[in-house]
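Numbering (UniProt numbering), first residue to last: 1 to 196.
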């Protein structure tokens, strides 16, 4: 694999790449585990300090509140967590994730354990953006179940990771900046009022 210094550099983050093969190579070269041949990534600026965002994200059990397809995350210990995620067709997939690298307030990287329903790895970085807050960037490598066909089916059901990472980071931004996630779903009180 070519050294990261050998690649043409255009200042754009890997999360914006349209070239899947290049994005996988770059994400792996930038310290990611090689658990996947498809790439998903996105970045968002959140008007909160990086230490606060990092601390909230590091409690992995919080993530189900902003990640639409995550049913739950069970924290097993300081380095391991068990993920249960909705998949197309009303099914779900599960895996254990292991923290592979961590820098307080800056970075959390992980890889799925052997035997995962979906092999995956990635990283979330928290970069200070001065008065604007923090740039949060998520990059994920994954192997879609059933290969290319599975990726197309996931896209049809809007469960494809590239779609989800954008939506999930938008919900994270909403929650961190406003204290709630906006939704068009009715809350229990609205349902009661409508039924009356």
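Don't be surprised by glycine CBs; every beta carbon is placed ideally from N, CA and C.
Just so it is clear, the structure is predicted and the values come from calculations on it, not from any experiment.
Beta-carbon proximity list for residue 179, same chain, < 7 Å, skipping 5 on both sides:
Indexing the chain shown from 1 puts residue 179 at position 179. Excluding sequence neighbours, residue 179 sits near nothing in its chain.
Residue 202 to residue 172, Cα distance in whole Å?
Because the chain is modelled from 1 through 196, residue 202 falls outside the range shown and cannot be assessed.
Near residue 197, which residues of its chain fall below 8 Å by C-beta distance, leaving aside the five closest residues on each side in sequence?
The chain is shown only over 1 to 196; residue 197 falls outside these bounds and no answer can be derived.
Is DSSP giving residue 106 helix, strand or coil here?
By one-based count along the chain shown, residue 106 stands at place 106. Here residue 106 sits in coil by DSSP.
Going by CA-CA distance only, name the one from 128, 182, 58 that's closest to residue 75.
In the chain shown, the residue the question calls residue 75 occupies position 75. The shortest Cα separation from residue 75 among 128, 182, 58 belongs to 58.
Any alpha helix (DSSP H) of 4 or more consecutive residues that is wholly inside the stretch 43-105:
50-58
Enumerate in chain order the residues of its own chain whose CB-to-CB distance from residue 140 is below 8 Å, with the five nearest sequence positions on each side excluded.
Taking the first residue of the chain shown as 1, we reach residue 140 at position 140. If we look at residue 140 and ignore the five residues flanking it on each side, its Cβ neighbours are 36, 39, 40, 41, 120, 121, 122, 161, 165.
Return the residue from the list 118, 101, 116 that minimises the CA-CA distance to residue 110.
Here residue 110 refers to the residue found at position 110 when the chain shown is read from its first residue. The candidate whose alpha carbon is nearest that of residue 110 is 101.
Could you tell me the alpha carbon to alpha carbon distance between residue 60 and residue 194, rounded to whole angstroms?
The count along the chain shown starts at 1 and reaches residue 60 at position 60. The count along the chain shown starts at 1 and reaches residue 194 at position 194. Roughly 35 Å separates the two Cα atoms.
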